[in-house]
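Q: Dropping a structure here in structure tokens format, bear with me for questions.
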Amino acid sequence: MIPYEGSNKKFMSGWLNTILRPMEKKGVDFWWLDWQQWLNDRKYSNLSN
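No gaps in the numbering here: position 11 of the sequence shown is 410 in the working numbering, and each next residue is one more.
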């Protein structure tokens, strides 16, 4: 398991290019991102779910 870390630019770039871009190429054009594993982001306390 790879923990989701929305405040980590390198993680988000990799996630976008590895997971979402291939889906876009198949026609997906809308993302609903409303979940993360922690109650609050580890780096930014105001980035909560």
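Heads up, the beta-carbon is just placed ideally off N, CA and C, and yes, glycines get one too. Everything numeric in this text was worked out from a predicted model, so none of it was measured.
Please look up how many angstroms separate the CB atoms of LYS442 and SER406, rounded, as I've assumed it's under 8 Å.
A: Indeed they touch by this definition, with Cβ atoms about 4 Å apart.
Q: Tell me where the alpha helix (DSSP H) around LYS442 begins and ends.
A: LYS442 -> no alpha helix (DSSP H), and no H or E assigned at all.
Q: Any idea what DSSP makes of PRO421, helix, strand or coil?
A: Residue state, collapsed to three classes: helix.
Q: In this structure, does DSSP put PHE410 in helix, strand or coil?
A: PHE410: helix per DSSP, three-state reduction.
Q: Short check: CB of TRP430 to CB of LEU419, under 8 Å?
A: Their beta carbons are under 8 Å apart, which means TRP430 touches LEU419 by this criterion.
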